[in-house]
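One structure is given here, and the rest of the page talks about it.
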Amino acid sequence: MFYIGYSLKAIAEHANSVEQVKKRDLRRGDRVLVATQNSIYTIWVLNDCSYWVWGGWFDRIGESPQRVTINGCTWGGTAIKRDVVAARGLRLEFGNTVLTTRIRHIQTIRAQAHFLPN
């Protein structure tokens, strides 16, 4: 694991170099698998800035899947990177204010395009 300082300058510099999945790069049907220090989440992209989420906290309370928004990722404080679904080393914050432990691994699975035969 790496350490970053909590100064605004350090956070800004780190924000551009972290491995991340940006919201704008995802399409309806894509899935993002997120492994945190304590849990695994499956995030399924919907078409209205919301997501179906399974795993972790949602499983523990018996609410999987749950439709939520994603606020972004934090370094553990109040600074939040809002343009991402997941960023390695940061903590994922869901719209219901659930905050995960630090993200260890991210994998994106693209939705398959289906074509009708001619």
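Residue numbers for the sequence shown follow numbering that gives the first Met the number 0, beginning at 0 and rising by one.
For every residue, glycine included, the Cβ atom is placed at its ideal position computed from N, Cα and C.
>> I'd like the span of the alpha helix (DSSP H) that includes G61, first residue to last.
In response: No alpha helix (DSSP H) contains G61, which DSSP labels as neither H nor E.
>> According to DSSP, is T56 part of a helix, a strand, or is it coil?
In response: Reading the sequence as shown, one finds Trp at residue 56 and not Thr. DSSP places W56 in helix when its eight states are reduced to three.
>> Within the continuous beta strand (DSSP E) that includes C72, where are the two ends?
In response: Segment 69 to 73, the beta strand (DSSP E) holding C72.
>> On the DSSP bridge list, what partners appear for Q106?
In response: In the DSSP output, where bridge partners are listed per residue, Q106 has L32.
> Looking only at its own chain, which residues have a Cβ that is under 7 Å from the Cβ of V83, when we skip the five neighbours before and after it?
Replying inline: Once the five neighbours on either side are set aside, the close Cβ partners of V83 are Q19, V20, K21, K22, G71, C72.
> Got a sec? Which residues, its chain only, sit under 8 Å from Y50 by beta carbon, not counting five neighbours each side?
Replying inline: Shown here for Y50: same chain residues with a beta carbon closer than 8 Å to its own, the five before and five after excluded, namely I42, W43, V44, R66, V67, T68, I69, V84 in chain order.
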